[in-house]
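**Student:** I have a structure here, written as structure tokens, and I will follow up with some questions on it.
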Amino acid sequence: MTTPYFKYRKNKLFCEGVAVDKIVKSVGTPCYIYSANAFVSQFKALQKAFKPVNPLVCFAMKSNDSLAVLKLLANQGAGADIVSVGELKKALLAGIDPKKIVFASVGKTEYEIREALTAGILFFNVESLPELAEIDRIAGALKLKASVALRINPDVHAPTHEKIATGTLTKKFGLDLAAAHDILRRREQFQHVTINGLHIHIGSQIQSVGPYVTAVKKVLNFLNILTQEKIFVQYFDLGGGFGIPYKNERLDPLEKFADRLIPLIDKIGLNLIMEPGRFISGNSGIFVTETLYIKDNGLKKFIIVDAGMNDLVRPAMYDAHHEIIPVEKTAAQSGIYDVVGPICESADVFAKARRLPHVQKGDLLAIMSAGAYGYAMASNYNVRPRAAEVMVQGSQFSIIRERETFQDLIRGEKIPTFLKSKD
Ligand code: LLP
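Just so you know, we're using my numbering here: the sequence shown kicks off at 121 and counts up by one.
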């Protein structure tokens, strides 16, 4: 699946104005390659579609936390949806305005709460009563007033992979409506907290607007009850989750999301926050790997590449489909292959029984739609350094994160003295 930002010119895959093989010559493989203009265009498309309700778009940086990506989006006026103190610090370092940062997570630590309070973030998305009490206590000790939104679990099933569904009460996320109502009724008890908003996030890679409509209607009904009780809030945070095409899925277009949701958001009448991750980053990046070997065991043909599930875990973890295309198109006949990495796990597979053009040792393959939850979920499993990341803008490219070295991999490790002596 090529896009306007990753497409072939004379049989060579380009990212914007730069040939992918040219990047690989200077950076090596495996590497992530991002199109700056793809990020910006998705960000702007979202803002434009929802313009009538003027959202503050807080990029879910868990999908891609590279400083350069954050800086690029900060320059566009984006905020950040964060889930840890690490993300907070990176967002601030990239120049994201703390007044545009919202902080979700079912398990915020005291340190994280303190850091976010002193940074002056817009609000915490609170997921339980004990968490609210803890924020109240810490804010009191710091002589600050914490601003929070309650994360409602609307108990809405949004069809997606089980591991990325969040909106039902079988999941750990958010407060059921009764619990949220109870908290709001006794909000005076939490003297160092202002409950300023309601938040939902019903899951990820949601392909149709229906589940959002159901969830937002629930929020609307709830707000009507609160208004009757003279309980008022300022913000409605819709969360993230808008899906992207990975192959030829039939997704509701963004305009349909906007058409169905804007009237409801209008009725809600609060300041709107959105927390898209994948929608902005997913198709803004590819992952490039080199073919090491072709192995044919009589039953199957394997393309063994120099990248593994430690670099891109989505296929192994969610059976996710990523298109795989050659960096240089040839006229060669196609075959059916499993594309696998070198890691000692049967799950280390990028594609199963995939029809690909005949591939040879040294051929570069691009794994598409890798801008979200790609590098961000990479690990050092099998003592493998994490890949390099590159950003392209027009005809320029730059390494935005160096490939890790062996020294990076052993940093912080120590052999205890009791193991050092031989006797
Ligand atoms: N807001 C909250 C509170 C979230 O938990 C998430 C994602 C988002 C926003 C952004 O969701 P998005 O717009 O990217 O769908 N690793 C999985 C996805 C996990 C999503 C976790 N939460 C994957 O690779 O598919």
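Just so you know, even glycine gets a beta-carbon here, dropped at the ideal spot from N, CA and C.
Below 8 angstroms between beta carbons: does that hold for GLY260 and HIS321?
**Tutor:** Against the sequence shown, residue 260 aligns to sequence position 140. Against the sequence shown, residue 321 aligns to sequence position 201. No, Cβ-Cβ distance for GLY260 and HIS321 is not below 8 angstroms.
**Student:** Sorted by chain position, which residues of the same chain lie with C-beta nearer than 6 angstroms to ILE326's C-beta, five sequence neighbours on each side aside?
**Tutor:** Translated into positions along the sequence shown, residue 326 becomes position 206. Closer than 6 angstroms at Cβ, skipping near neighbours: ALA278, THR280, GLY361 and GLY363.
**Student:** Since I believe GLY428 is in contact with GLY491 (beta carbons under 8 angstroms), could you give me their beta-carbon distance rounded to a whole number of angstroms?
**Tutor:** Here residue 491 refers to the residue found at position 371 of the sequence shown. Here residue 428 refers to the residue found at position 308 of the sequence shown. Not confirmed; about 19 angstroms, so no contact.
**Student:** Opposite LEU193 in the DSSP bridges: which residues?
**Tutor:** Here residue 193 corresponds to residue number 73 of the sequence shown, with the count starting at 1. Answer is none; LEU193 lacks a bridge partner.
**Student:** Which runs of the beta strand (DSSP E) at least 3 residues long sit entirely within the segment 143–205? Give them in chain order.
**Tutor:** 151–155, 176–180 and 199–202
**Student:** Per DSSP, MET511 forms a beta bridge with which residues?
**Tutor:** By one-based count along the sequence shown, residue 511 stands at place 391. DSSP, once it has assigned bridges, lists TYR154 and SER518 as partnering MET511.
**Student:** Applying the 10 Å Cβ sphere with the 16-neighbour rule, what's the burial state of SER541?
**Tutor:** Along the sequence shown, one-based indexing puts residue 541 at 421. A residue is called buried once 16 or more other Cβ atoms fall within 10 Å of its Cβ, and SER541, having fewer, is exposed.
**Student:** Tell me the rounded alpha-carbon separation between ALA269 and HIS319.
**Tutor:** The residue given as residue 269 occupies position 149 in the sequence shown. The residue given as residue 319 occupies position 199 in the sequence shown. Taking the straight line joining both Cα atoms gives about 6 angstroms.
**Student:** With distances taken from CA atoms, which of ALA188, VAL246, LYS376 and LYS164 is nearest ALA299?
**Tutor:** Counted from its first residue, the sequence shown places residue 299 at position 179. Closest by alpha carbon: VAL246.
**Student:** Would you please state the rounded distance, in angstroms, between the beta carbons of LEU197 and PRO218? I believe it to be under 8 angstroms.
**Tutor:** Reading the sequence shown from its first residue, position 77 is the one you call residue 197. Reading the sequence shown from its first residue, position 98 is the one you call residue 218. In the sequence under discussion, the amino acid at residue 197 is Gly, which differs from the Leu named in the question. Not confirmed; about 14 angstroms, so no contact.
**Student:** Considering only residues of the segment 418–443, which uninterrupted beta strand (DSSP E) runs meet the minimum length of 3 residues and lie entirely inside it, listed in chain order?
**Tutor:** 421–425
**Student:** Count the other CB atoms within 10 Å of the CB of PHE526; is the residue buried (16 or more) or exposed (fewer)?
**Tutor:** Position 406 of the sequence shown, counting from 1, holds the residue named residue 526. PHE526 is exposed by the Cβ-count criterion.
**Student:** Between the segment 492–504 and the segment 396–416, do at least 3 Cβ pairs fall closer than 8 angstroms?
**Tutor:** Yes, they touch.
**Student:** Compare the C-alpha of ALA285 against each of TYR438, ARG380 and LEU485 and name the closest.
**Tutor:** Locating residue 285 in the sequence shown gives position 165, counting from the first residue. Comparing Cα-Cα distances from ALA285 to each of TYR438, ARG380 and LEU485, the minimum goes to TYR438.
**Student:** Below 7 angstroms, is the gap between the Cβ of ASP185 and the nearest heavy atom of the ligand LLP?
**Tutor:** For the purposes of this step, residue 185 is taken as residue 65 along the sequence shown, with counting starting at 1. Checking every heavy atom of the ligand LLP against the Cβ of ASP185, none is found closer than 7 angstroms.
**Student:** Does the distance from the CB of ALA214 to the CB of ALA236 come in under 8 angstroms?
**Tutor:** Residue numbering aside, residue 214 sits at position 94 when the sequence shown is read from its first letter. Residue numbering aside, residue 236 sits at position 116 when the sequence shown is read from its first letter. It is not a contact, given that the beta carbons lie outside the stated cut-off.
**Student:** How would you write the range of the alpha helix (DSSP H) that ALA261 sits in, first residue to last?
**Tutor:** Reading the sequence shown from its first residue, position 141 is the one you call residue 261. Element bounds for ALA261: 249–261.
**Student:** Can you check whether the CB of THR409 is closer than 8 angstroms to the CB of PRO150?
**Tutor:** As a working mapping, residue 150 is identified with position 30 in the sequence shown. As a working mapping, residue 409 is identified with position 289 in the sequence shown. Yes. Within cutoff.
**Student:** If you compare alpha carbons, which of LEU392, LEU133 and GLU282 is closest to VAL173?
**Tutor:** Taking the first residue of the sequence shown as position 1, residue 173 is located at position 53. Checked all of LEU392, LEU133 and GLU282; the closest Cα to VAL173 is LEU392.
**Student:** With hydrogens ignored, establish whether the beta-carbon of GLY137 is closer than 7 angstroms to any heavy atom of the ligand LLP.
**Tutor:** Taking the sequence shown and counting its residues from 1, one reaches residue 137 at position 17. Answer for GLY137: no, Cβ out of range of the ligand LLP.
**Student:** With distances taken from CA atoms, which of GLU465, GLU448 and ALA473 is nearest ILE456?
**Tutor:** In the sequence shown, counting from the first residue as 1, residue 456 sits at position 336. Comparing Cα positions, the closest option is ALA473.
**Student:** Can you tell me which of GLN513, GLU524, LEU432 and ILE487 puts its alpha carbon nearest to the alpha carbon of VAL503?
**Tutor:** In the sequence shown, the residue the question calls residue 503 occupies position 383. A check of alpha carbon separations from VAL503 across GLN513, GLU524, LEU432 and ILE487 identifies GLU524 as the nearest.
**Student:** Is LYS127 helix, strand or coil when you go by DSSP?
**Tutor:** Here residue 127 is taken as the residue at index 7 of the sequence shown, counted from 1. Looking at LYS127 - three-state DSSP - the assignment turns out to be strand.
**Student:** Based on DSSP bridge pairs, tell me the residues matched to LYS415.
**Tutor:** For the purposes of this step, residue 415 is taken as the residue at position 295 of the sequence shown. Note: LYS415 sits in a beta bridge opposite PHE422.
**Student:** Among PRO446, LEU133 and TYR154, which one has its Cα closest to the Cα of GLN513?
**Tutor:** Taking the sequence shown and counting its residues from 1, one reaches residue 513 at position 393. Per the Cα distances, TYR154.
**Student:** Name the two residues that bound the continuous alpha helix (DSSP H) containing ARG531.
**Tutor:** Taking the sequence shown and counting its residues from 1, the one referred to as residue 531 is at position 411. Element bounds for ARG531: n/a, residue is neither H nor E.
**Student:** Beta carbon of GLU395: closer than 7 angstroms to some heavy atom of the ligand LLP?
**Tutor:** Position 275 of the sequence shown, counted from the start, is the residue given in the question as residue 395. Checking every heavy atom of the ligand LLP against the Cβ of GLU395, one is found closer than 7 angstroms.
**Student:** May I ask you to report which of helix, strand or coil DSSP gives GLU410?
**Tutor:** Indexing the sequence shown from 1 puts residue 410 at position 290. Of the three classes helix, strand and coil, the one that applies to GLU410 here is strand, per DSSP.
**Student:** Among the candidates ASN500, ILE487, ALA452 and SER518, whose CA atom is the shortest distance from the CA of ILE463?
**Tutor:** Along the sequence shown, read from residue 1 onward, the residue named residue 463 stands at position 343. Closest option to ILE463, Cα to Cα, is ASN500.
**Student:** Does the separation of the CB atoms of PHE77 and VAL329 fall below 8 angstroms?
**Tutor:** Only positions 121 to 543 of the chain appear in this structure, which leaves residue 77 out of reach.
**Student:** Flag TYR493 as yes when its Cβ comes closer than 7 angstroms to any non-hydrogen atom of the ligand LLP, and as no otherwise.
**Tutor:** Walking along the sequence shown from the start, residue 493 turns up at place 373. Flag set: Cβ of TYR493 near the ligand LLP.
**Student:** Ends of the beta strand (DSSP E) at LYS472?
**Tutor:** In the sequence shown, counting from the first residue as 1, residue 472 sits at position 352. Residues 469–477.
**Student:** Under 8 angstroms Cβ to Cβ from GLU465, same chain only, skipping five residues before and after it: list those, please.
**Tutor:** Within the sequence shown, the letter at position 345 stands for residue 465. Excluding sequence neighbours, GLU465 sits near MET429 and ALA436.
**Student:** Could you check whether the Cβ of GLY317 sits closer than 7 angstroms to any heavy atom belonging to the ligand LLP?
**Tutor:** Taking the first residue of the sequence shown as position 1, residue 317 is located at position 197. No, the beta carbon of GLY317 sits no closer than 7 angstroms to any heavy atom of the ligand LLP.
**Student:** Ordered along the chain, which non-local residues of its own chain (more than five positions away) have a Cβ less than 8 angstroms from that of GLU448?
**Tutor:** As a working mapping, residue 448 is identified with position 328 in the sequence shown. The residues ASN131, LYS132, LEU133, ASP141, ASP483 and LEU484, in chain order, have a CB closer than 8 angstroms to that of GLU448 in the same chain once the five nearest residues on each side in sequence are set aside.
**Student:** On a Cα-Cα basis, can you pick out the residue from PHE163, LYS387 and LEU346 that is closest to VAL336?
**Tutor:** Here residue 336 refers to the residue found at position 216 when the sequence shown is read from its first residue. Of the candidates PHE163, LYS387 and LEU346, the one whose C-alpha sits nearest the C-alpha of VAL336 is LYS387.
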